[in-house]
Amino acid sequence: MIRKKGRVNIHIDMTPMVDVIMLLLTFFMLTTNFKPDVVAEVILPLSHSAIKLPETDVVTVVVTKDNQLYMELDSQVLRAKIFGEENKLRLGIPVPDKNTLADLLIRARVANPKLRTVIRSDMSTPFGQIEDIITLLQKVKITRFSLVTMLEETT
Amino acid sequence: MAGADLAAPDSGKKKKGRKRKGAKRISVRIDMTPMVDVIMLLLTFFMLTTVFKLPQTMEINIPPDMKTQVEVPMSSLMTLRYTADSTLYYNMAVEDPQKVDFKDLRTLLIEKRNAIPRLIVLVKVEREGTFNQMVDVMDEINMAEITRFSLAPFTDRDKAIIRKVFGA
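One line per chain: the protein sequences are A and B, in this order. For reference, each letter of the first sequence is one residue, going 138 to 292 in the numbering used here. For reference, each letter of the second sequence is one residue, going 17 to 184 in the numbering used here.
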């Protein structure tokens, strides 16, 4: 049997720790940007371009690795108009083929002429697919568009 | 935050300026452990889910119509061909293509830009290549501060030219 020692009552004042943790928590809560919602997961290519992606008035063409096409719109009003009322709450819809995409793009641009076109594609998408989309954009008279990339830190 | 007040009931009287007669203080000690637990959990959650890196964009302008012919002097034209097997070929005007390593591309582009002020780069990426290859080349062109470049389809003729020079 071990003899019981007289216990020393230790009290640690947690107040400073709680203060610091509270500060950290507030910092993270305020700076957090949740991972943006996407219709399809893509691995973005890296580039040194540092132009911010606009948050409003954007139409996004998503091309996945296996050549699946999606179209995303940021405004619900526009989504209801272009994708139909039932798809209002969905971020984007799959697009079966390129002619449909051209048609949707024209309608979206007519509804909101300020729309900026953005292509978000997986880094391993065959280039032919992107080339076709660029040709299609040219055909629907979208001559200014952006490619979504991740910022590369190295020089 | 409610701190533990361990002061003895009569300690208030010793302090200067205390007018109030020391009402009997009840020592309140709040156990902060559960609160700290919850806050720690929240902190961990926010630290792990936060994304600092947001995607950026690369802007591209294309001519409004494929049919518009823009006359360019042959002497200021540089063609970059990127094949699906990640080999980069470059040539000035109608010279034979030469191989160039991707890591040397920027130096080459800067050198050519300094030599020819009105340099136009024609980028041809093979259809079987990847989107990443195109972004890489465009990025190098942007970094070399060349503003005049254009994308052109990689045709069978390009394939034939490369085959003619390098065989196989």
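For glycine and all other residues, C-beta sits at the position ideal for the given N, C-alpha and C. Note that the structure is predicted; figures quoted are calculated from it, not measured.
Enclosing beta strand (DSSP E) for residue i [first to last residue]
i, result
"residue 76 of chain B", "72-77"
"residue 136 of chain A", "Given a span of 138 to 292 for chain A in the structure shown, any question on residue 136 of chain A remains unanswerable."
"residue 266 of chain A", "Where residue 266 of chain A is concerned, there is no enclosing beta strand (DSSP E), although the alpha helix (DSSP H) it sits in stretches over 264-276."
"residue 169 of chain B", "165-169"
"residue 287 of chain A", "281-288"
"residue 210 of chain A", "206-210"
"residue 257 of chain A", "253-258"
Contact with chain B by residue i, beta-carbon distance below 8 Å
i, result
"residue 208 of chain A", "no"
"residue 237 of chain A", "no"
"residue 251 of chain A", "no"
"residue 261 of chain A", "yes"
"residue 224 of chain A", "no"
"residue 177 of chain A", "no"
"residue 265 of chain A", "yes"
"residue 271 of chain A", "yes"
"residue 255 of chain A", "yes"
"residue 258 of chain A", "yes"
Any C-beta of chain A under 8 Å from that of residue i
i, result
"residue 157 of chain B", "no"
"residue 71 of chain B", "yes"
"residue 142 of chain B", "yes"
"residue 75 of chain B", "yes"
"residue 116 of chain B", "no"
"residue 58 of chain B", "yes"
"residue 21 of chain B", "For residue 21 of chain B, the predicted model reports a pLDDT of 48, less than 50, meaning its position is unreliable; a value from the coordinates is still stated below. No, its Cβ sits nowhere closer than 8 Å to a Cβ of chain A."
"residue 183 of chain B", "no"
"residue 148 of chain B", "yes"
"residue 30 of chain B", "In this prediction, residue 30 of chain B has a pLDDT of 47, which is less than 50 and means its spatial position is unreliable; what the coordinates show is noted afterwards. By this cut-off, residue 30 of chain B is not an interface position."
"residue 44 of chain B", "no"
"residue 99 of chain B", "no"
"residue 180 of chain B", "no"
"residue 26 of chain B", "Bear in mind that a pLDDT of 47 at residue 26 of chain B, under 50, signals an unreliable position, so the number given afterwards is only what the model happens to contain. It does not: the Cβ of residue 26 of chain B has no partner Cβ on chain A nearer than 8 Å."
"residue 50 of chain B", "no"
"residue 17 of chain B", "The predicted position of residue 17 of chain B is uncertain, since its pLDDT is 45 and thus under 50; a value taken from the coordinates is nonetheless stated next. Yes, residue 17 of chain B lies at the interface with chain A (some Cβ there is under 8 Å from its Cβ)."
"residue 177 of chain B", "no"
"residue 67 of chain B", "yes"
"residue 54 of chain B", "no"
"residue 79 of chain B", "yes"
"residue 151 of chain B", "yes"
"residue 63 of chain B", "yes"
Residue i Cβ short of 7 Å to the ligand FAD heavy atom set
i, result
"residue 53 of chain B", "Absent from the structure shown: the ligand FAD. Ligands present: none."
Host alpha helix (DSSP H) of residue i (start-end)
i, result
"residue 60 of chain B", "49-65"
"residue 237 of chain A", "235-248"
"residue 180 of chain B", "172-182"
Note down, one range per segment and in chain order, each alpha helix (DSSP H) of at least 4 residues found wholly within the stretch 69-148 of chain B.
If we require 4 residues or more, the alpha helix (DSSP H) runs fully inside the stretch 69-148 of chain B come out as 121-131.
Taking contact to mean at least 3 C-beta pairs separated by less than 8 Å, is the stretch 264-274 of chain A in contact with the stretch 178-192 of chain A?
no
Is there contact between the stretch 220-237 of chain A and the stretch 198-210 of chain A, where contact requires at least three CB pairs shorter than 8 Å?
yes
Report the start-end ranges of each alpha helix (DSSP H) in the stretch 152-218 of chain A that is 4 residues or longer and not cut off at the edges.
152-168
Is it true that the stretch 107-115 of chain B meets the stretch 63-73 of chain B, where meeting means three or more beta-carbon pairs spaced less than 8 Å apart?
The stretch 107-115 of chain B vs the stretch 63-73 of chain B: no contact.
Identify each residue in the stretch 182-205 of chain A for which the Cβ-Cβ distance to at least one residue of chain B is less than 9 Å, and report them in chain order.
182, 183, 184, 185, 186, 187, 188, 189, 190, 191 and 200
Below 9 Å between beta carbons is the criterion; list the residues of the stretch 157-175 of chain B that meet it against any residue of chain A, in chain order.
158, 159, 167, 169 and 170
Measuring CB atoms only, is the stretch 164-179 of chain A touching the stretch 247-256 of chain A, in the sense that at least three cross pairs come out at less than 8 Å?
no
What are the residues of the stretch 144-176 of chain A that lie near chain B, defined by any Cβ-Cβ distance shorter than 9 Å?
Interface annotation for the stretch 144-176 of chain A against chain B: 148, 150, 151, 152, 154, 155, 156, 158, 159, 161, 162, 164, 165, 166, 168, 169, 170, 171, 172 and 173, criterion Cβ-Cβ distance under 9 Å.
If you measure beta-carbon to beta-carbon, which residues of the stretch 274-287 of chain A are closer than 8 Å to chain B?
Taking 8 Å as the Cβ-Cβ cut-off, the stretch 274-287 of chain A approaches chain B at 274, 275, 278, 280, 281, 282, 283, 284, 285, 286 and 287, given in chain order.
Inter-stretch contact at 8 Å, needing at least 3 Cβ pairs: the stretch 98-108 of chain B / the stretch 154-167 of chain B:
No: the two stretches stay apart, fewer than three of their Cβ pairs being nearer than 8 Å.
Contact between the stretch 51-71 of chain B and the stretch 129-143 of chain B (3+ Cβ pairs under 8 Å)
no
Given 8 Å as the limit, is there contact between the stretch 208-216 of chain A and the stretch 39-50 of chain B, that is, 3 or more CB pairs closer than that?
no
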